[in-house]
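Protein sequences, first through last, are from chains A and B.
Going left to right, the first sequence walks through residues 87 to 469 as our numbering numbers them.
Going left to right, the second sequence walks through residues 87 to 469 as our numbering numbers them.
We put the CB at the ideal spot given by N, CA and C, even for glycine.
Model, not experiment: these values are computed from the prediction.
Note sheet for the following structure.
Number of protein chains: 2
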Amino acid sequence: MGKKLVSRKIIVEKIVSVRDQDEAIKFELQSLLNKKPDYLFITGGLGPTHDDITQNSIKTFFKLDEDFDQKYYDTLKVKFAERGIDMPESNRSQAIIYKNCKMLNNPKGTAKGIEVNFNNTKIFVLPGVPIEMKAIFFDSINSILPVESKNSLITLRAFGISESSLAKKMNKILDEWKSKVEIAFLPSHLGVDVRINNLVNPKINLSEIVESINSVVGNYFFGSGSEKLEQIVVDGLKLNNLTLSVAESCTGGKLANFITSVPDSSSIFIGGIVAYSNSVKMNFLDVAKDTIEKNGAVSEEVAIQMANGIREKTNSDIGIGITGISGPTGGSVDKPLGLVFIAISGKQNNKVKKFILKMDRVMHQETTSYIALNMIRRYYFRK
Amino acid sequence: MGKKLVSRKIIVEKIVSVRDQDEAIKFELQSLLNKKPDYLFITGGLGPTHDDITQNSIKTFFKLDEDFDQKYYDTLKVKFAERGIDMPESNRSQAIIYKNCKMLNNPKGTAKGIEVNFNNTKIFVLPGVPIEMKAIFFDSINSILPVESKNSLITLRAFGISESSLAKKMNKILDEWKSKVEIAFLPSHLGVDVRINNLVNPKINLSEIVESINSVVGNYFFGSGSEKLEQIVVDGLKLNNLTLSVAESCTGGKLANFITSVPDSSSIFIGGIVAYSNSVKMNFLDVAKDTIEKNGAVSEEVAIQMANGIREKTNSDIGIGITGISGPTGGSVDKPLGLVFIAISGKQNNKVKKFILKMDRVMHQETTSYIALNMIRRYYFRK
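Below you can see the structure in the form of structure tokens.
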């Protein structure tokens, strides 16, 4: 929600979580309202269980007059009956409405949202279940917020470079701009986001700094805003009429899952093999027994044969082969923990790369998969 | 970190995020210290880039005397040189130390942590990069916190039941206990956690309520604490000497990836096929062309053939076959969006289940994978 609000030119001053305690909730409400914000979003604690106390705290804090929505209560009963369940009496609380407040329809659940206007602050009280919170947000709130502006906040997304190296390369740009606009570096194992906004100086045009950044380190940026590398790769493959299939050992399905998380990826993704055991590598991918015995399952040679095997067996344009040691055990002096080989097999572009990524198992799977996606991006689209 | 602290009998009163602004950081520090907490953990903003201002805010807020650790600075230089990089001058800030503070060694990065003692509050300032934060936590902080108590906080993890149904079934237990201990329901699409603590009444023994819960709804709970369903399934398969392989269509590798996220899962997981295209279903899994043409790729029959196919082809004890429509497009009147068939093929237990899960694509993949894992748990371990 924070990200969404920033894109609507709303500065998120504070995000705070407190305990499910009436006193704690009210103390925080008072302290937040003292700052006279334009908006205050409250989530969680509208459900029917005993620990859902937010609604009552809001009611007593703002001294709201309660009413009962018999019609909604009857609708709820029918909903439960349709699912073959007797409605628990505790759900009665969800049919409570407040005078002088706007109740916000919940398209995905039973707990309605509440809009309270207090002095000059617009307060939205929403369920904590993300899918319900989002549904109410888009249904009732989205249209009354300031219009989205693509020129007031820009996030550039980099992969394959560290935060400090990126900052060093951008040194001159930072010196020139950091007093005029807000520039934040947000690093994770899946890349570095550079977030720039002109909220304090709305007249400044951000396209100029973006241009400067692109001319110096543009190659590292795969996208902007909320774009994901997997989305960029799926779009790029579509545009270039290329199909993809993958053979994964240590990433264990993560690469396939990054790709298939993108809607309509089925138009470019033929399929994948999670070749965890050597028998699967040999039987499904035609990796030679000799090669495994001679070089080990974690080797450049096996990665290449996996990539070639999946491409040939599925008749795709690009095949990826990955083999490595994600840990936490399995390393040796020759082949340390974190070692991974990523091979790409295509009509023109055959490559294999070796990395040693010192990180925990899940991060290792994710980072390795992202390197593979970035290899596709670099060799096939960014020429 | 919050979860970790609660397991150490530390009540987390508040979690707050503020902007990278000196004034905002100091206002928040003051307001948190007014409450005289025993501990205050601060993360983020110790890096070398211009937006990393936390260290300086801490220094001026607590009026700390600065010193320079020439030895550490030289070590940093060597570290960078080893990676073939000239150390940016901005990294100089990371060799700053403070008098009367304990500097905390960072085993995974260059920014040291800081321990400040202020009145009766112990303050830890840590990097925001999770891997570095955790490393310093375990290296320098873990051993000085109160001893972990398995009897003061218990989280029971359920799957396959809604929050309100679970609360309804636990109605009598809740009535009896809710005034003595804290009981929170934490729902997500991957289950409902029931978290119970006796922090306000430390003399109360939680084993009694846990026993009551288990006797009423124990079947729904797959584990406790931070145990994950995928871990429980991998452990169960190991214990029962069973091997597993999976054939996924709509889940697109997510099920394989849940399994392979567990260390040493290679001892029970043979491999998986992400059978996104019909050609992969037919060529790798022996799904009959006829069956697809007659029933469609999303059908009970295809799910069963996928499960049988992967089990036979990989010679495993249990095969899973999944086919469905994760969306956001692809539904029809007969086969609505969210429809999914999950088949399990084993020596004795053959089952196929149909679900319609109305949720977004990624949640659909995750929930479907979790249902499959839970089917393995129910049919093979919990007899």
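Compute the distance between the beta-carbons of residue 241 of chain B and residue 312 of chain B, then report whether it is under 9 Å. Yes, they are a contact pair.
Whole-angstrom distance between residue 198 of chain B and residue 215 of chain B, CA atom to CA atom: 12 Å
Does DSSP classify residue 274 of chain B as helix, strand or coil? Residue 274 of chain B sits in a strand when the DSSP states are folded into three classes.
Classify residue 281 of chain A as helix, strand or coil using the three-state DSSP reduction. strand
May I ask you to report which of helix, strand or coil DSSP gives residue 437 of chain A? Residue 437 of chain A falls in the strand class under three-state DSSP.
Using a Cβ-Cβ distance cut-off of 9 Å, determine whether residue 337 of chain A contacts chain B. yes
With a threshold of 16 other CB atoms inside 10 Å of the CB of residue 170 of chain A, please say whether the residue is buried or exposed. With fewer than 16 other Cβ atoms within 10 Å, it is exposed.
What runs of the alpha helix (DSSP H), each 4 residues or longer, lie entirely inside the stretch 330-383 of chain A? 340-346, 364-371, 375-381
Tell me, to the nearest whole angstrom, how far the beta carbon of residue 252 of chain A is from that of residue 268 of chain A; I am working on the premise that it is less than 8 Å. With 8 Å as the limit, residue 252 of chain A and residue 268 of chain A do not qualify as a contact, their Cβ atoms being about 17 Å apart.
Residues in the stretch 340-364 of chain B with C-beta within 9 Å of chain A's C-beta atoms, listed in sequence order? Taking a C-beta cut-off of 9 Å against chain A, the contacting residues of the stretch 340-364 of chain B are 340, 341, 342, 343, 344, 345, 346, 347, 348, 349, 350, 351, 352, 355, 356, 357, 358, 359, 360, 361, 362, 363, listed in chain order.
Per DSSP, residue 203 of chain A is paired with what? A:208
By how many angstroms is the C-alpha of residue 324 of chain A removed from the C-alpha of residue 275 of chain A? Straight-line measurement puts the Cα of residue 324 of chain A at about 27 Å from the Cα of residue 275 of chain A.
Does the beta carbon of residue 413 of chain B sit closer than 9 Å to a beta carbon anywhere in chain A? yes
With distances taken between CB atoms, is the gap from residue 459 of chain B to residue 315 of chain B smaller than 9 Å? yes
Should residue 128 of chain A go down as buried or exposed, given a rule of 16 or more other Cβ atoms within 10 Å for buried? Classification of residue 128 of chain A: buried, given that the 10 Å Cβ count is 16 or more.
Which chain A residues sit within Cβ distance under 7 Å of residue 321 of chain B? Near residue 321 of chain B there are no residues of chain A at all, since even the closest Cβ is about 16 Å away, more than 7 Å.
Decide if residue 320 of chain A is buried, meaning its Cβ has at least 16 other Cβ atoms within 10 Å, or exposed. buried
Would residue 277 of chain A pass as a contact of residue 456 of chain A if the rule is Cβ separation under 9 Å? yes
Go ahead and pull the three-state DSSP assignment for residue 303 of chain B. helix
Out of curiosity, what's the CA-to-CA distance linking residue 153 of chain B and residue 182 of chain B? Approximately 6 Å, taken between the alpha carbons.
Residue of A:454, A:96, A:146, A:217 minimising C-alpha distance to residue 343 of chain A: Residue 343 of chain A has its Cα closest to that of A:454, out of A:454, A:96, A:146, A:217.
Roughly how many whole angstroms lie between the Cα atoms of residue 255 of chain A and residue 303 of chain A? 7 Å
For residue 395 of chain B, name the three-state secondary structure that DSSP assigns. Helix.
The stretch 434-468 of chain B: positions lying closer than 9 Å to chain A by Cβ: 444, 445, 446, 447, 448, 449, 451
Can you confirm whether residue 106 of chain B, when its beta carbon is compared against all beta carbons of chain E, has any partner nearer than 9 Å? Given the protein chain composition of this structure (A and B), no chain E is represented.
Selected residue, minimal CA-CA separation from residue 227 of chain A, among A:239, A:200, A:244: The shortest Cα separation from residue 227 of chain A among A:239, A:200, A:244 belongs to A:200.
For residue 417 of chain B, which option in A:350, A:232, A:147 has the closest C-alpha, if you only look at C-alpha atoms? A:350
What residue does the beta strand (DSSP E) around residue 322 of chain B start on, and which one ends it? First-last for residue 322 of chain B: 315-325, but that is the alpha helix (DSSP H), not the beta strand (DSSP E).
Of the listed residues A:328, A:332, A:337, A:382, nearest to residue 434 of chain A (C-alpha basis): Measuring from the Cα of residue 434 of chain A, the nearest candidate turns out to be A:328.
If you follow the beta strand (DSSP E) that residue 146 of chain A is in, where does it begin and where does it stop? Looking at the DSSP string, residue 146 of chain A is not in any beta strand (DSSP E); the run it does join, the alpha helix (DSSP H), is 140-147.
Considering only C-alpha positions, which residue in the set A:283, A:115, A:249, A:288 is nearest to residue 271 of chain A? From the listed residues A:283, A:115, A:249, A:288, the smallest Cα separation to residue 271 of chain A is found for A:249.
So that I know if they touch, is there some Cβ in chain A lying closer than 9 Å to that of residue 102 of chain B? yes
Restricting to Cα atoms, I'd like to know which of A:380, A:161, A:202 is closest to residue 149 of chain A. For residue 149 of chain A, the nearest C-alpha among the options comes from A:202.
What residue does the beta strand (DSSP E) around residue 184 of chain A start on, and which one ends it? 182-184
Between the CA atoms of residue 101 of chain A and residue 115 of chain A - distance to the nearest angstrom: 12 Å
Span of the alpha helix (DSSP H), counted from its first residue to its last, around residue 125 of chain A: From DSSP, residue 125 of chain A is part of no alpha helix (DSSP H) but of the beta strand (DSSP E) over 125-129.
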